[in-house]
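Engineer: First residue of the sequence shown: 2, per my numbering; consecutive thereafter. Every residue, glycine too, gets a C-beta built ideally from N, C-alpha and C.
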Amino acid sequence: MHHVRFLERLLDKTRSRKTRDGIRIYEQADFAGMHVAGALAARILDDVAQHVFPGQTTEAIDRLITHMVEEAGATSATIGYKGYQHASCISVNHVVCHGIPGPKVLKDGDILNIDVTVIVDGWYGDTSRMYVAGKLPRKAERLIQVTHDALMLGIEAVKPGNTFGDIGHAIQTYVEAHRMSVVRDFCGHGLGQVFHAPPNVLHYGRPGTGAVLEEGMFFTIEPMVNLGRPETKTLADDWTAVTRDKSLSAQFEHSVGVTSDGVDIFTLSPAGLFHPTYQS
Ligand code: MF3
Ligand code: CO
Ligand code: CO
2 MHHVRFLERL
12 LDKTRSRKTR
22 DGIRIYEQAD
32 FAGMHVAGAL
42 AARILDDVAQ
52 HVFPGQTTEA
62 IDRLITHMVE
72 EAGATSATIG
82 YKGYQHASCI
92 SVNHVVCHGI
102 PGPKVLKDGD
112 ILNIDVTVIV
122 DGWYGDTSRM
132 YVAGKLPRKA
142 ERLIQVTHDA
152 LMLGIEAVKP
162 GNTFGDIGHA
172 IQTYVEAHRM
182 SVVRDFCGHG
192 LGQVFHAPPN
202 VLHYGRPGTG
212 AVLEEGMFFT
222 IEPMVNLGRP
232 ETKTLADDWT
242 AVTRDKSLSA
252 QFEHSVGVTS
262 DGVDIFTLSP
272 AGLFHPTYQS
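Following this line, the structure appears as structure tokens:
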């Protein structure tokens with residue numbers, strides 16, 4: 002009996018290795034599960050675009066997302082997560098992240114991040130992107146463009162042998178070159194068969210620092226960028242994070258996996274709507 006369990010544990014270990022930093026190394030076959038979950042989350046964000054307009058409430062958008070998740074036979078990762086009760090976070094204007102959907106009515110020129118995480122067959126797909134209600138104001142457009150491009154530059158730094166510090170550095174230098182700031186109070190995270198796992202993926206940092214990237218690591222990159230100062234505060238609801246100086250904030254998020262020679266993005270938009278240059 003004893004030796005059987007030992008062997009099982011040994012086999013289990015080879016199936017799911019962890020690095021010294023506690024980062025799980027997934028197998029080749031696991032990428033397929035992440036692609037299914039990631040594509041669903043991205044498709045939901047595609048479908049929600051037509052429902053973002055002045056006069057719409059954020060709770061109506063969340064209700065649609067709840068239905069889309071159910072319709073797909075998937076599970077929302079956020080409903081019931083630490084007491085959170087919604088299928089999305091919707092963060093409007095100076096809300097940095099974790100905005101709670103509610104009766105707030107969107108008005109012309111509001112920008113918003115919608116963040117959706119679904120579970121499909123045990124795999125987590127976590128992605129967010131920016132939307133605009135009505136006409137996109139010029140300074141918001143600049144913020145959204147820089148945030149999007151910063152995420153994509155961070156993703157370009159993902160390959161075996163690079164470090165998490167390289168990712169953060171790529172994001173930070175780009176954002177700060179545009180005289181905007183990177184939020185320090187929230188970070189990306191490992192994910193896969195769990196929602197949040199090591200490592201913390203910082204969106205700032207120095208080259209060559211932090212854990213070394215290895216093939217089979219799955220994590221999110223989700224920079225939050227402010228037009229003003231980086232400091233945030235959390236409101237009395239214990240979720241909503243806002244910029245302390247009330248400046249506009251934007252965020253984009255992809256779930257990615259490290260491949261033998263680069264990166265695999267699990268949450269690419271099937272309709273090509275990730276970047277909101279389209280107008281609603
Ligand atoms: N999807 C968020 C992330 O990117 C987490 C939201 S947790 C919630 O990690 F409870 F606020 F929904
Ligand atoms: Co995330
Ligand atoms: Co998210």
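In whole angstroms, give me the CA-to-CA distance for K83 and F196.
Structural biologist: Your numbering for residue 83 matches position 82 in the sequence shown. Your numbering for residue 196 matches position 195 in the sequence shown. Those two C-alpha atoms are separated by around 12 Å.
Engineer: Taking the DSSP output, what are the residues bridged to F219?
Structural biologist: Along the sequence shown, one-based indexing puts residue 219 at 218. BP columns for F219 point to G258.
Engineer: Just to check, is the beta-carbon of D239 closer than 6 Å to a non-hydrogen atom of ligand 1?
Structural biologist: Numbered from 1 along the sequence shown, position 238 holds the residue referred to as residue 239. Not so, every heavy atom of ligand 1 lies at least 6 Å from the Cβ.
Engineer: Report back the beta-carbon spacing between G193 and R25 to the nearest angstrom; my notes put them in contact at under 8 Å.
Structural biologist: Stepping through the sequence shown from its first residue, residue 193 is reached at position 192. Stepping through the sequence shown from its first residue, residue 25 is reached at position 24. That belief holds up - the Cβ atoms of G193 and R25 are roughly 6 Å apart, short of 8 Å.
Engineer: If I measure Cβ to Cβ from Q280 and keep anything under 6 Å in the same chain, skipping five residues before and after, which residues do I get?
Structural biologist: Counting from 1 along the sequence shown, the entry for residue 280 is found at position 279. Residue confidence is low: Q280 scores 42 on pLDDT, short of 50, so the model does not pin down where it sits. Its coordinate-derived value is still stated next. Answer for Q280: no residue qualifies.
Engineer: Going straight from the alpha carbon of S261 to that of Q252, what length do you get?
Structural biologist: The count along the sequence shown starts at 1 and reaches residue 261 at position 260. The count along the sequence shown starts at 1 and reaches residue 252 at position 251. Roughly 28 Å separates the two Cα atoms.
Engineer: My guess is that A88 and I101 are in contact by the Cβ rule of under 8 Å, so how many angstroms apart are they, rounded?
Structural biologist: Sequence index remark: in the sequence shown, residue 88 carries index 87 (1-based). Sequence index remark: in the sequence shown, residue 101 carries index 100 (1-based). Not quite, the Cβ-Cβ distance comes to about 12 Å (not below 8 Å), so this is no contact.
Engineer: So, is M2 buried or exposed, given that buried needs 16 or more other C-beta atoms within 10 angstroms?
Structural biologist: Taking the sequence shown and counting its residues from 1, one reaches residue 2 at position 1. Only weak support is given to the placement of M2: the predicted model assigns it a pLDDT of 48, under 50, and the question is left unresolved by the model.
Engineer: Curious, which full-length beta strand (DSSP E) runs of at least 3 residues does the segment 69 to 100 contain?
Structural biologist: List check, beta strand (DSSP E) in window: 89 to 93, 96 to 98.
Engineer: According to DSSP, what are the bridge partners of H190?
Structural biologist: The sequence position of residue 190 within the sequence shown is 189, counting from 1. DSSP, once it has assigned bridges, lists N201 as partnering H190.
Engineer: Answer yes or no: do G126 and A212 have a C-beta to C-beta separation smaller than 7 Å?
Structural biologist: On the sequence shown, residue 126 is found 125 positions in, with the first residue counted as 1. On the sequence shown, residue 212 is found 211 positions in, with the first residue counted as 1. For G126 and A212, no; Cβs fall outside 7 Å.
Engineer: Which same chain residues end up closer than 6 Å to L214 when comparing Cβ atoms and leaving out the 5 residues on each side of it in sequence?
Structural biologist: Residue 214 sits at position 213 when you count from the first residue of the sequence shown. Cβ neighbours of L214 beyond the five flanking positions: P161, N163, V259.
Engineer: Between the Cα of H179 and those of G229, H95, T210, spot the shortest distance and give me the residue it belongs to.
Structural biologist: Here residue 179 corresponds to residue number 178 of the sequence shown, with the count starting at 1. For H179, the nearest C-alpha among the options comes from G229.
Engineer: Look up K1 in the DSSP assignment and say whether it is helix, strand or coil.
Structural biologist: Residue 1 lies beyond the residue range present for the chain, which begins at 2 and ends at 281; the question has no answer from this structure.
Engineer: On the DSSP bridge list, what partners appear for N163?
Structural biologist: Position 162 of the sequence shown, counted from the first residue, corresponds to residue 163. DSSP lists no partner for N163.
Engineer: Among T59, G191, M181, G103, which has the Cα closest to the Cα of K140?
Structural biologist: If you number the sequence shown from 1, residue 140 lands on position 139. When each option's Cα is compared against that of K140, the closest is M181.
Engineer: Under 6 Å from any heavy atom of ligand 4, does the C-beta of E72 make it?
Structural biologist: Of the ligands this structure carries, namely ligand 1, ligand 2 and ligand 3, none is ligand 4.
Engineer: Check the C-beta distance from L113 over to V93 and give it rounded, since I have them as a contact under 8 Å.
Structural biologist: For the purposes of this step, residue 113 is identified with residue 112 of the sequence shown, where counting begins at 1. For the purposes of this step, residue 93 is identified with residue 92 of the sequence shown, where counting begins at 1. Contact holds; Cβ gap of about 5 Å.
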